[in-house]
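Reading through the structure tokens given below for one structure.
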Amino acid sequence: LISKRKPQLLPAGCSHVNAYKVDNWRPNLRVIYQCFVWSGSAETRRRKAKSCICHMCGAHLNRLHSCLYCVFFGCFTKKHIHEHAKNKRHNLAIDLLYGGIYCFVCQDYIYDKDMEQIAKEEQRKAWKLQGVGEKYSTWEPTKRELDLLRHNPKRRKMTTNCTIGLRGLINLGNTCFMNCIVQALTHTPLLRDFFLSDRHKCEMQSNSCLVCEMSQLFQEFYSGHRSPHIPFRLLHLVWTHARHLAGYEQQDAHEFLIAALDVLHRHCKGDTTNDNGKKANNPNHCNCIIDQIFTGGLQSDVTCQVCHGVSTTIDPFWDISLDLPGSSTPFWPLSPGGDGGTVNGESHLSGATTLTDCLRRFTRPEHLGSSAKIKCGGCHSYQESTKQLTMKKLPIVACFHLKRFEHSAKLRRKITTYVSFPLELDMTPFMASRWASTNYLPPGLYVLVRYALFAVVNHQGTLESGHYTSFIRQHKDQWFKCDDAIITKASIKDVLDSEGYLLFYHKQFLEYE
Amino acid sequence: MNKDSQMRAAINQKLIEMGERERLKELLRAKLVECGWKDQMKAQCKDVIREKGLEHVTVEDLVVEITPKGRALVPDSVKKELLQRIRASLAQHSTL
């Protein structure tokens, strides 16, 4: 039959495009992309809707193609575009669905570098017009990266059973609180990617940069060594930069997390740049990796009960601390086994409190009472009001802190109430505005606001003597228990049945700014 | 063109004009990634490429081989949801 005599596929596409790439071909091609492939504006969309049908059979489906040499649309499936190509000897056509260029001589789609460039630019333009912004495109190595890869031919293959990335941590004297947090951080996918691709450029003169130490830590975890790592340098740096955590007594893992994030954030100065590539001087408007991953925005709405005027503030947060039933602050009783329990697929074992319950309580409107009147700007006097907290901006990694340690004036105790938490969490019910019309979500785009559990820090024992361990997620569905130097395989049930003190969730779908 | 395809063409036109078609495509993409369909298709493509040989395979080969499989493997839940969204978009627009 037809022998597929394919000419050698050059990086510059096939030689048959050369006949097309003459005179004003670039702007012509752009017009075709703008009008018929990726129509961004309302006008081009209308034109596309009306005119993009097959000139022979009127169909709009069937992989419609446009001839590149004249105004002809033909479907591919019924070979109408092929007939046109043969009759008119116009041997190039463009796929109106995906923008690919088809060469009838080569009988395949060809990838001409210049044409690809134009296609990419036009696609981005259309996305911008539609308010979609940047979308994911696969990684293409730069020249320098290609050189690096060629000069370093050794490769590590990550099979499903490989344990690279898992490493125990020696306890240096009640340092399990630190070890757990290190395990959680080294298993935060975005943080791992940041450090393994060498993105930290250190500007600190001394050797006391915590970010550099973090980078070292990732190198140790991904080195393939199986012996436990001794994090003495990390401990020393933490003592240096967070004095309140120094000493050999047991500390609170949550406090350590916040202190660590704070120091990392401060030491990331060298990596923060604003849009123009200039260094950002404002510590509150940082764009460092810590802020990018962990910082969310908590909206507080105070509504005056008299004039119903709302006063809104938004504060950044790295974690959400949740009150538990059984603490001295009254927990709003939610009906056990009611609809709340099934929202996130949590197990509602005979009325057990769920994470969703805690979040519902956290975001419920709270009447502030007559003893806590707020000065209302509308009424110009002190009035009673209600206050409500909601998530304005969701961080990529959401950390939930279950307030198990009570340190009130009269008692110090640990609340061991079981709180069930889900593997997947939908944050929409707790957001400031329900669907699309916030600044952070493109209007009209249906974004899936779902989070996946990837680390759990647990505390066993009492306030006076206790021990921290953690569960971390590896390779999508494998879980491991990290007990200082000892790493063991764990089941999802082990994780979900555990008491839970710090819960780390990672956003499942990432959007570009 | 029979009545069915006329209706399809009209709906398609309306959705393109509204800009809704692009949004629905994005939603569909996200759903198909989420349910693992994209990974399944990727694996199927690799199989076809291995079978035909990297030097000789064409886009057409892939299209012919995996289109029927791809169509069959779309979960009913995804189809249902897309249909609901399309209905909702059209209903919304007709009131304007």
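Sequences listed follow chains A and B, in order. Residue numbering for the first sequence follows my numbering, beginning at 4 and increasing consecutively. Residue numbering for the second sequence follows my numbering, beginning at 36 and increasing consecutively. Note that the Cβ used here is the ideal one computed from N, Cα and C, for glycine as well.
Hey, how far is the Cα of residue i from the Cα of residue j?
{"i": "Leu50 (chain B)", "j": "Lys53 (chain A)", "result": "12 angstroms"}
{"i": "Asn164 (chain A)", "j": "Ala375 (chain A)", "result": "57 angstroms"}
{"i": "Pro156 (chain A)", "j": "Arg147 (chain A)", "result": "14 angstroms"}
{"i": "Thr243 (chain A)", "j": "Leu428 (chain A)", "result": "37 angstroms"}
{"i": "Val2 (chain A)", "j": "Thr145 (chain A)", "result": "The structure shown has nothing for residue 2 (chain A), since chain A only spans 4 to 516."}
{"i": "Glu57 (chain B)", "j": "Gly134 (chain A)", "result": "11 angstroms"}
{"i": "Gln477 (chain A)", "j": "His68 (chain A)", "result": "45 angstroms"}
{"i": "Gly171 (chain A)", "j": "Thr356 (chain A)", "result": "32 angstroms"}
{"i": "Asn212 (chain A)", "j": "Phe433 (chain A)", "result": "First, the residue type needs correcting, since residue 212 (chain A) is Cys and not Asn in the sequence shown. Distance between the alpha carbons of Cys212 (chain A) and Phe433 (chain A) is about 37 angstroms."}
{"i": "Glu46 (chain A)", "j": "Ala45 (chain B)", "result": "17 angstroms"}
{"i": "Ile121 (chain A)", "j": "Arg127 (chain A)", "result": "10 angstroms"}
{"i": "Val113 (chain B)", "j": "Ile475 (chain A)", "result": "31 angstroms"}
{"i": "Tyr443 (chain A)", "j": "Ala78 (chain B)", "result": "Since pLDDT at Tyr443 (chain A) reaches only 45, below the 50 mark, its modelled position is unreliable, and the value read off the structure follows with that caveat. Approximately 34 angstroms, taken between the alpha carbons."}
{"i": "Glu119 (chain A)", "j": "Lys60 (chain B)", "result": "22 angstroms"}
Quick check on DSSP: helix, strand or coil for residue i?
{"i": "Ala488 (chain A)", "result": "coil"}
{"i": "Ser314 (chain A)", "result": "strand"}
{"i": "Leu466 (chain A)", "result": "coil"}
{"i": "Val542 (chain A)", "result": "Residue 542 (chain A) lies beyond the stretch modelled for chain A, which goes from 4 to 516, so this question has no answer here."}
{"i": "Arg85 (chain B)", "result": "helix"}
{"i": "Tyr105 (chain A)", "result": "strand"}
{"i": "Thr243 (chain A)", "result": "helix"}
{"i": "Tyr36 (chain A)", "result": "helix"}
{"i": "Ser209 (chain A)", "result": "coil"}
{"i": "Met161 (chain A)", "result": "coil"}
{"i": "Val305 (chain A)", "result": "strand"}
{"i": "Pro319 (chain A)", "result": "strand"}
{"i": "Ile121 (chain A)", "result": "helix"}
Please go through the same chain and pick out, in chain order, the residues whose beta-carbon is closer than 6 angstroms to the beta-carbon of residue i, but skip the five residues on each side of it.
{"i": "Lys510 (chain A)", "result": "Ile399 and Tyr454"}
{"i": "Glu258 (chain A)", "result": "none"}
{"i": "Asp304 (chain A)", "result": "Val313, Thr315 and Gln391"}
{"i": "His154 (chain A)", "result": "none"}
{"i": "Lys87 (chain B)", "result": "Asp96"}
In its own chain, which residues sit with a C-beta less than 8 angstroms from the C-beta of residue i, not counting the 5 before and 5 after it?
{"i": "Val83 (chain B)", "result": "Val92, Asp96, Leu97, Glu100 and Ile101"}
{"i": "Thr191 (chain A)", "result": "Ile296, Val400, Phe457, Ala458, Phe507 and His509"}
{"i": "Asp255 (chain A)", "result": "Phe180 and Phe408"}
{"i": "Asn65 (chain A)", "result": "Cys57, Cys78, Phe79, Thr80 and Lys81"}
{"i": "His83 (chain A)", "result": "Cys57, His58, Met59, Cys60 and Gly77"}
{"i": "Gly380 (chain A)", "result": "Gly312 and Ser314"}
Taking the alpha-carbon of residue i as reference, which of the options has the nearest alpha-carbon?
{"i": "Phe424 (chain A)", "options": "A:Cys379, A:Lys496 and A:Val74", "result": "A:Lys496"}
{"i": "Val74 (chain A)", "options": "A:Asn65, A:Leu64 and A:Met59", "result": "A:Met59"}
{"i": "Cys215 (chain A)", "options": "A:Ile261, A:Leu240, A:Gln481 and A:Pro328", "result": "A:Leu240"}
{"i": "Thr472 (chain A)", "options": "A:Arg48, A:Val422, A:Ile184 and A:Arg92", "result": "A:Ile184"}
{"i": "Leu414 (chain A)", "options": "A:Ser494, A:Arg364, A:Gln133 and A:Thr332", "result": "A:Thr332"}
{"i": "Trp142 (chain A)", "options": "A:Trp130, A:Pro30, A:Ser200 and A:Arg158", "result": "A:Ser200"}
{"i": "Asp294 (chain A)", "options": "A:His85, A:Gln302, A:Gln222 and A:Phe197", "result": "A:Phe197"}
{"i": "Met42 (chain B)", "options": "A:Arg29, A:Gly61 and A:Pro319", "result": "A:Gly61"}
{"i": "Gly300 (chain A)", "options": "A:Ile233, A:Ala435 and A:Ala263", "result": "A:Ala435"}
{"i": "Gly176 (chain A)", "options": "A:Ala88, A:His85, A:Tyr251 and A:Asp115", "result": "A:Tyr251"}
{"i": "Lys116 (chain A)", "options": "A:Lys81, A:Glu206 and A:Lys24", "result": "A:Lys24"}
{"i": "His404 (chain A)", "options": "A:Ser209, A:Leu260, A:Leu64 and A:Leu149", "result": "A:Leu260"}
{"i": "His228 (chain A)", "options": "A:Gly102, A:Leu264, A:Ile167 and A:Cys205", "result": "A:Ile167"}
{"i": "Glu467 (chain A)", "options": "A:His370, A:Cys379, A:Trp321 and A:Gln253", "result": "A:Gln253"}
{"i": "Arg159 (chain A)", "options": "A:Leu188, A:Gln186, A:Tyr225 and A:Glu124", "result": "A:Tyr225"}
{"i": "Cys402 (chain A)", "options": "A:Ile97, A:Glu124 and A:Leu358", "result": "A:Leu358"}
{"i": "Asp487 (chain A)", "options": "A:Pro234, A:Ala129, A:Ile317 and A:Val498", "result": "A:Pro234"}
Quick check: is the beta carbon of residue i nearer than 8 angstroms to any beta carbon in chain B?
{"i": "Ala52 (chain A)", "result": "yes"}
{"i": "Leu444 (chain A)", "result": "Note that Leu444 (chain A) has pLDDT 43, beneath the 50 cutoff, so the model's placement of it is unreliable and the number below is only indicative. No, its Cβ sits nowhere closer than 8 angstroms to a Cβ of chain B."}
{"i": "Asp429 (chain A)", "result": "no"}
{"i": "Arg48 (chain A)", "result": "yes"}
{"i": "Tyr112 (chain A)", "result": "yes"}
{"i": "Leu337 (chain A)", "result": "Residue placement at Leu337 (chain A) is poorly supported in this model, since its pLDDT is 44, which falls under 50; the coordinates are not used for a value here."}
{"i": "His63 (chain A)", "result": "yes"}
{"i": "Gln133 (chain A)", "result": "yes"}
Ordered along the chain, which non-local residues of its own chain (more than five positions away) have a Cβ less than 7 angstroms from that of residue i?
{"i": "Gln75 (chain B)", "result": "Leu108"}
{"i": "Ile418 (chain A)", "result": "Leu327, Gly329, Ser330, Arg407 and Glu409"}
{"i": "Lys492 (chain A)", "result": "Phe483"}
{"i": "Thr393 (chain A)", "result": "Gln302, Thr366, Phe433, Met434 and Ala435"}
{"i": "Cys382 (chain A)", "result": "Cys307, Val309 and Cys310"}
Does residue i have its Cβ less than 8 angstroms from a Cβ in chain A?
{"i": "Gly54 (chain B)", "result": "yes"}
{"i": "Glu57 (chain B)", "result": "yes"}
{"i": "Asn37 (chain B)", "result": "no"}
{"i": "Ala44 (chain B)", "result": "yes"}
{"i": "Ile121 (chain B)", "result": "no"}
{"i": "Val94 (chain B)", "result": "yes"}
If you measure from the beta carbon of residue i to each beta carbon in chain C, is any gap under 8 angstroms?
{"i": "Gln79 (chain B)", "result": "You won't find chain C in this structure, because its protein chains are A and B."}
Could you check whether the Cβ of residue i sits closer than 7 angstroms to any heavy atom belonging to the ligand PLP?
{"i": "Glu143 (chain A)", "result": "The model on display carries no ligand, and the ligand PLP is accordingly not part of it."}
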